[in-house]
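First the structure, in the form of structure tokens, and then the observations on it.
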Amino acid sequence: MKLRAALLALAATWLGCPSSGQSADGGPLEPDAGLDGGTDAGTDGGTFDAGSDAGAPDLERCPRGSTLVVETPDAGWARAGTVFSTSLYQPTDLPERPANWVDLLRPTTLSVRVTVADTVPIANCRVHWVADAGHGWLFPDGPSTSDDGRVRAVWTAGPLEAQQVSASITTDDGPQQVVIRGAALPHASRASSVHLFYAVPERWSQFSVDVTPLTFPTTTYYAAAGFAGGYLGFQNRGPSVNPPVSDKWVLFSVWDVPSGNAQLLDAGPMTCEGFAGEGTGRKCWLTYDWQVGGTYRFEVAAALGPTFTDYTAYFTDLDGGTRTALASLRHMAKVADWSTYGFIEDWYAQGPSCLETEARTAAFGNVRYQTDAGWKAVRRATFGRSYNEWHDEICANYAYGVDGDRFLWSTGGGERVSRPLLRTDVQAPVVTLP
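To convert, count from 1 in the sequence shown and add 260; that's the numbering used here.
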């Protein structure tokens with residue numbers, strides 16, 4: 261606690277004139293924008309302009325006599341790149357880490373309030389939020405005060421130890437500003453696993469996704485299509501961002517189930533074997549010289565049997581390559597759930613902190629599936645993330661949005677950060693293509 265007090269005291273010395281940094285004038289943050297700044301995604305100290313609430317117009321200048329009060333002057337603790345919480349997450353290698361740590365992880369909801377005469381709430385008064393470089397990312401729940409005079413926000417920590425953010429209003433009596441402080445420490449972590457759950461409401465016979473990796477660090481898996489009983493995508497298994505071709509894998513896996521182990525029907529050009537670890541099954545791989553910035557189509561066809569489902573994978577390099585039939589694997593269960601998803605995984609590499617992991621960024625486009633009625637485009641997906649205590653994955657430095665007609669998403673690094681998904685969220689962000 262002495263360390264934390266010292267950090268907060270240091271943060272207090274940074275309070276002076278109203279911040280000259282960039283603001284986060286939030287509204288209902290729509291995850292439908294690109295990752296390079298703007299709505300629901302920005303850079304450290306960047307701008308988060310999410311427009312206005314419907315209803316009464318915002319008051320850029322609050323009424324005379326208005327008072328801005330901070331109700332949460334102390335945001336608590338965070339690990340760099342995680343959401344400030346009332347408790348400090350303890351990595352698994354620390355003996356004081358409680359067994360039920362995830363139940364103790366309670367994100368802090370920042371709150372400021374505007375009133376007149378200390379009691380009468382002022383609605384629709386615009387509040388400007390500022391997080392300077394190094395002090396993280398702010399995500400207010402609206403640009404202006406609600407009927408109770410409040411604006412609430414969540415705060416993802418930047419890299420500094422002592423951090424602060426500010427909220428301010430402009431009144432007929434002049435500007436007012438309040439400060440919220442927190443203390444952040446690093447912890448070694450891999451980038452959090454993130455998912456896109458495609459809006460697929462019906463049975464399909466074939467599923468197709470075009471993937472463009474914009475970065476491809478070591479120990480990265482871009483899974484284009486996860487389906488009942490397996491997944492399909494590609495990996496960097498090498499020691500660097502420029503691995504030999506032997507470490508560039510296209511991977512197709514199907515899981516065992518209690519009713520039977522996955523069976524190889526046709527290996528095609530792939531090498532196939534059993535796997536174990538996080539479950540068991542059969543995997544097939546093919547080395548291919550994929551390139552950052554290239555676009556690759558992954559397809560999986562499903563054929564139902566009486567007690568099993570046969571999956572066949574296909575791969576196409578859209579920059580001049582031909583369509584290749586990969587392998588056919590039998591999943592020893594008749595599939596009834598046709599939910600389909602993609603994911604980005606850092607399965608091994610750790611950084612000194614969440615923000616010092618390497619960014620894994622990709623665009624997933626032309627997502628579609630085939631039924632008896634023909635091909636149908638997928639225009640919506642729900643973003644999800646992991647809280648994985650096995651790997652100390654509590655990072656919130658992930659991003660989700662769109663780039664033209666593609667889903668654009670990322671995990672890791674210190675540049676692209678979207679509104680965090682809190683464990684208390686009732687509804688996860690839905691990303692919709694234009």
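Virtual Cβ for every residue (Gly too), placed ideally from N, Cα, C.
Asked: Rounded straight-line distance, which links the Cα of Thr472 to that of Gln436; Found: 47 Å
Asked: Endpoints, the beta strand (DSSP E) within which Ala601 is located; Found: The amino acid at residue 601 is misidentified as Ala; the sequence shows Tyr. Segment 601 to 606, the beta strand (DSSP E) holding Tyr601.
Asked: Of the residues Ser449, Gln350, Val469, the one placed nearest Arg639, counting alpha carbons only; Found: Val469
Asked: Ala492 (DSSP reduced to helix, strand or coil); Found: The amino acid occupying residue 492 in the given sequence is Leu; Ala does not appear at that position. Three-state result, Leu492: strand.
Asked: Alpha carbon of Ser519 to alpha carbon of Met592, nearest angstrom; Found: 6 Å
Asked: For Glu331, the three-state DSSP class (helix, strand or coil); Found: coil
Asked: C-alpha gap between Glu290 and Tyr571, whole angstroms; Found: With a pLDDT of only 34 at Glu290, under the threshold of 50, the placement of this residue in the model should not be trusted, and no figure is reported.
Asked: Asp570 - DSSP class collapsed to helix/strand/coil; Found: strand
Asked: 6 Å Cβ shell around Thr430 - same chain, five flanking residues per side excluded; Found: Arg321
Asked: Alpha-carbon spacing of Gly541 relative to Ala587, whole angstroms; Found: 14 Å
Asked: Of the residues Leu328, Thr368, Gly325, the one placed nearest Gly336, counting alpha carbons only; Found: Thr368
Asked: Separation of Val411 from Val376, as counted between CA atoms; Found: 16 Å
Asked: Best match in Ala623, Thr617, His395, Leu398 for proximity to Trp607 [C-alpha to C-alpha]; Found: Thr617
Asked: Residue span of the beta strand (DSSP E) that contains Pro435, given as start and end; Found: 434 to 445
Asked: C-alpha gap between Ser371 and Thr332, whole angstroms; Found: 6 Å
Asked: Residue interval of the beta strand (DSSP E) (run including Glu508); Found: The question names Glu, yet the displayed sequence has Lys at residue 508. Its beta strand (DSSP E) spans residues 508 to 515.
Asked: Classification of Gln551 by the beta-carbon crowding that lies within 10 angstroms, buried from 16 upward; Found: exposed
Asked: With 16 other Cβ atoms within 10 Å as the buried cut-off, status of Trp389; Found: buried
Asked: Paired residues, beta bridge with Gln424 - DSSP; Found: Arg441
Asked: Glu559, enclosing beta strand (DSSP E) - first and last residue; Found: 556 to 564
Asked: Meets three-Cβ-pair contact criterion under 8 Å: the stretch 617 to 634 and the stretch 662 to 681; Found: yes
Asked: From Lys594, Cys614, Cys544, Thr576, residue whose alpha carbon lies closest to that of Thr567; Found: Lys594
Asked: Cut-off 6 Å between Cβ atoms - residues of its own chain near Val329, not counting five sequence neighbours on either side; Found: Arg373
Asked: Local Cβ density within 10 Å of Ser500, reported as buried at 16 or more and exposed below that; Found: exposed
Asked: For Gly591: DSSP bridge partner residues; Found: Just to set this straight, residue 591 is His in the shown sequence, not Gly. In the DSSP output, where bridge partners are listed per residue, His591 has Thr569.
Asked: CB contact flag (Ala366, Leu445, <8 Å); Found: Checking the displayed sequence, the identity of residue 366 turns out to be Arg instead of Ala. Cβ atoms of Arg366 and Leu445: not closer than 8 Å.
Asked: Test item: CB-CB of Arg645 and Ser452 under 8 Å; Found: yes
Asked: Selection from Gly396, Ala413, Gly394 that minimises the alpha carbon distance to Pro403; Found: Ala413
Asked: Integer-rounded CB distance, given that Phe603 should sit under 8 Å from His447; Found: Contact flag wrong, Cβ pair sits at about 23 Å.
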